[in-house]
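Per UniProt numbering, residue 1 is the first one in the sequence shown, and the count goes up by one each step.
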Amino acid sequence: MALQERKEMGDNNNSTGTDVSQNMTIYINNLNEKIKIDELKTSLHAVFSQFGKILEILAFKTLKHKGQAWVIFEDVQSASKAIRQMQSFPFYDKPMVCMYVCMYVYC
């Protein structure tokens with residue numbers, strides 16, 4: 001489906017102004033790469049659990065995925081609130097960049 005067709009069907013835009021539908025998974029980048037993965041996941045859970053039930057947190061130590069994480073919430077409302085309130089939040093001395101995960105191949 002073309003981007004224009006998705007817009008006409010009423011896809012929601014996220015707070016960053018891109019054409020990505022709201023969903024339960026948020027992508028976070030600009031994370032401090034020096035933090036160990038276990039500590040990062042624990043800290044992200046502590047910070048984001050205030051917005052709702054977290055199903056899973058994904059973070060990897062591979063070079064391609066350093067400084068990034070994915071938080072999967074139980075519902076869209078929790079993810080939306082987390083993005084709004086945690087955008088640019090200083091986390092280990094770096095401002096987090098939060099957005100919805102793109103659910104389409106062409107994003």
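Cβ coordinates follow ideal geometry from the N, Cα and C atoms, glycine included. The structure displayed is predicted, hence computed values, not measured ones.
query: In whole angstroms, give me the CA-to-CA distance for K81 and N32.; result: 23 angstroms
query: Starting from T62, follow the beta strand (DSSP E) in both directions and report where the run begins and ends.; result: Segment: none, T62 is in no beta strand (DSSP E) and carries neither H nor E.
query: If you draw a straight line from the alpha carbon of residue 147 to that of S43, how long is it in whole angstroms?; result: Only positions 1 to 107 of the chain appear in this structure, which leaves residue 147 out of reach.
query: Of the residues L40, I83 and Q87, which one's Cα is nearest the Cα of M24?; result: I83
query: List the endpoints of the continuous alpha helix (DSSP H) containing F48.; result: I37 to F48
query: Which residue comes first and which comes last in the beta strand (DSSP E) that contains M86?; result: No beta strand (DSSP E) contains M86, which is instead part of the alpha helix (DSSP H) from V76 to M86.
query: Tell me whether the beta-carbon of Q85 lies closer than 9 angstroms to the beta-carbon of F51.; result: yes
query: Taking DSSP as the reference, what is the three-state secondary structure of F51?; result: helix
query: State the CB to CB distance for the pair M99 and V20, rounded to an integer number of angstroms; the pair is presumed to be in contact (CB under 8 angstroms).; result: 7 angstroms
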